[in-house]
Amino acid sequence: MSRHALISGASIAGPALAHQLNARGWRTTVVERAPRLRDEGQNIDVRGAGREVLRRMDLEDAALAAGTGEVGLRFVDDDGGAVAEFPAGEGDTAGGTAEMEILRGELSRLVYERTQDATDYRFGEQIAALTDHGDGVTARLAGGEEIDADLVVVAEGTRSRTRELVLPDAEVTELGLQVAYLTIPRTDDDDRWWRWHSAPGSRSTSLRPDNRGTTRAMLAFLSDVRGLGELDRDAQITVLRRTYADVGWQAPRVLAALEDASLYFDAVAQIRLPRWSTGRVAVLGDAAWATGPFGTGTTLALVGAYILAGELGEGDVTTALARYEERMRPFAAQAQDVKPAALRAMNPRSGAGLAVQRKVLGLAGSLSSVFGGLVEKLAGPPAEGIELPDYHSAA
1 MSRHALISGA
11 SIAGPALAHQ
21 LNARGWRTTV
31 VERAPRLRDE
41 GQNIDVRGAG
51 REVLRRMDLE
61 DAALAAGTGE
71 VGLRFVDDDG
81 GAVAEFPAGE
91 GDTAGGTAEM
101 EILRGELSRL
111 VYERTQDATD
121 YRFGEQIAAL
131 TDHGDGVTAR
141 LAGGEEIDAD
151 LVVVAEGTRS
161 RTRELVLPDA
171 EVTELGLQVA
181 YLTIPRTDDD
191 DRWWRWHSAP
201 GSRSTSLRPD
211 NRGTTRAMLA
221 FLSDVRGLGE
231 LDRDAQITVL
241 RRTYADVGWQ
251 APRVLAALED
261 ASLYFDAVAQ
271 IRLPRWSTGR
281 VAVLGDAAWA
291 TGPFGTGTTL
301 ALVGAYILAG
311 ELGEGDVTTA
321 LARYEERMRP
331 FAAQAQDVKP
341 AALRAMNPRS
351 GAGLAVQRKV
361 LGLAGSLSSV
371 FGGLVEKLAG
381 PPAEGIELPD
391 YHSAA
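Residue 215 in full-length UniProt numbering is what sits at position 215 of the sequence shown, and the numbering runs on without skipping anything.
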């Protein structure tokens, strides 16, 4: 009889794990609190080892075809003029724009469509309680149903509720970076560049292209105030309006769209846990190791799913969970090594600091590799900072 895995979370890590486990003969069930597959989300990139995982899943070409079409990162001044440009490379692993730029919802959809025939998806449902019997786990869902599984994996976000049922000792570290994401109507002036404008007070406004005829906007600022992400929508809009009241370039356009646009406000945080599993229950993705602001989350989610499934295909559950953590923890720890200097450099507080930033960017503008190397050195590990094992039954 095939082994059964119950997975909580249907974003990217959960369906990717289901895909890999299905290929190894496991039966999989995915529960997701949202009532449907979430097609929202901003741009994400997939680089290095994460892209190799997609290649081994036979999804690389589909992900490239579903990309946003972003051609590079352009820093702009108050009038929208280019301060510096860093074009996307081919197969690059550093710099602002990767070759594979895709909306989170698009990548989630691709993996879901690849798994929907073999995986039992339960939308509008979540795990309410877990009982580990030693040789299996019984999950009670919020709707009252009980599901027996050989393994339960919590593949949710940074502030996972299900993780608290089994690993309540997560250390949540907010980095002071507050980010608001929204989708706004596209205008004739929007092009295929990711445009980034910085203002004194550690405030930035970004506009990025998508492949749906709209524009993805981001307002990001540093603040010592904690708990902003827990405010209700009206309060968050008030915070954003006051914070950006005197910011120029496209900030007024983004503020004007706040009332009608779907808004996601996030206080960027990292998660650290003393262990990633207990008994037959494990955590995966941001629920295990949320890394913060520098775009490694998708790559780590894909790599973690690949390694966890590979180890489960090689041995018993408890041994596999230990091996999974042994292989992944050093990679995640590197990604969490966020230098405060990187946050300050990308979000200068004073007008003088902003002038220095623009001068440095301008000098580096013709040397994209210099910029990419700087970001990599300040922000985190290279995307190929882990060697993928060749599991015998790899998908």
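Glycine included, C-beta positions come from ideal geometry on N, C-alpha and C.
Check                                                                                                                                              : Outcome
Does the stretch 160-178 touch the stretch 60-68, meaning 3 or more C-beta pairs lie closer than 8 Å?                                              : no
Could you tell me if G134 is buried or exposed, where buried requires 16 or more neighbouring beta carbons within 10 angstroms of its beta carbon? : exposed
In terms of DSSP beta bridges, what is R195 paired with?                                                                                           : R74 and L207
From which residue to which residue does the alpha helix (DSSP H) around V225 run?                                                                 : Counting along the chain, V225 falls outside any alpha helix (DSSP H), and DSSP gives it neither H nor E.
In the DSSP assignment, find the alpha helix (DSSP H) that holds N22 and state where it starts and stops.                                          : A13 to N22
Would you call the stretch 190-199 and the stretch 304-320 touching, i.e. three or more CB-CB distances under 8 Å?                                 : no
Would you list the one or two residues that DSSP bridges to A5?                                                                                    : T28 and L151
Could you give the distance in angstroms between the alpha-carbon of A13 and the alpha-carbon of G176?                                             : 26 Å
For E113 and T29, I'd like the C-alpha separation in whole angstroms.                                                                              : 14 Å
Only counting the same chain, and skipping five residues up and downstream in sequence, which positions put a Cβ closer than 8 Å to that of G297?  : I44, G285, D286, A290 and T291
Measure the C-alpha to C-alpha separation of A251 and L363 and round it to an integer number of angstroms.                                         : 26 Å
Answer yes or no: do A98 and R140 have a C-beta to C-beta separation smaller than 7 Å?                                                             : no
So, at 7 Å on beta carbons, what are the nonlocal neighbours of L17 in its own chain, with the 5 sequence-adjacent residues on each side left out? : I7, V153, A155, L284, A305, L308 and A309
Starting from R163, trace the alpha helix (DSSP H) both ways and give me its first and last residue.                                               : R163 to V166
Start and end of the alpha helix (DSSP H) containing E326?                                                                                         : V317 to A335
Going by DSSP, what residue range makes up the alpha helix (DSSP H) through D61?                                                                   : E60 to A65
Cα separation between T318 and S223?                                                                                                               : 42 Å
Does DSSP put R109 in a helix, a strand or coil?                                                                                                   : helix
Using a 10 Å radius around the Cβ and a threshold of 16 neighbouring Cβ atoms, would you call residue 397 buried or exposed?                       : Only positions 1 to 395 of the chain appear in this structure, which leaves residue 397 out of reach.
Let me know if P15 comes out buried or exposed under the rule of 16 or more other beta-carbons within 10 Å of its beta-carbon.                     : buried
What did DSSP end up calling E311 once you bin it into helix, strand or coil?                                                                      : helix
Grouping DSSP H, G and I as helix and E and B as strand, with all else coil, what is P181?                                                         : The displayed chain sequence assigns Tyr, not Pro, to residue 181. Reduced to three states, the DSSP call for Y181 is strand.
For E80 and L321, I'd like the C-alpha separation in whole angstroms.                                                                              : It is Gly, not Glu, that sits at residue 80 in the sequence shown. So the two alpha carbons sit approximately 50 Å from each other.
By Cβ distance, which residues of its chain are closer than 8 Å to V370, with the 5 residues on each side in sequence left out?                    : Because V370 carries a pLDDT of 48, less than 50, the predicted location of this residue cannot be relied on, and the following value inherits that uncertainty. Excluding residues within five positions, the ones whose Cβ falls inside 8 Å are A364.
Where does P340 sit, in a helix, a strand or coil, going by DSSP?                                                                                  : helix
Are the stretch 176-185 and the stretch 245-264 touching, with three or more C-beta to C-beta distances below 8 Å?                                 : yes
Would you mind working out which of R241, Y264, G213 and L110 sits nearest L54, comparing C-alpha positions?                                       : L110
Exposed or buried, what is M328 when buried is set at 16 or more other beta-carbons lying within 10 Å of its beta-carbon?                          : buried
Report yes if the CB atom of V303 is closer than 7 Å to the CB atom of G67, and no otherwise.                                                      : no
In terms of residue numbering, what span does the alpha helix (DSSP H) encompassing D45 cover?                                                     : Taken as a continuous stretch (DSSP letters only), D45 belongs to no alpha helix (DSSP H), being part of the beta strand (DSSP E) at N43 to D45.
Figure out for me which residue from R56, G41, A84 and A149 has the closest Cα to the Cα of V31.                                                   : A149
Note down the Cα distance separating N347 from A355, rounded to an integer number of angstroms.                                                    : 12 Å
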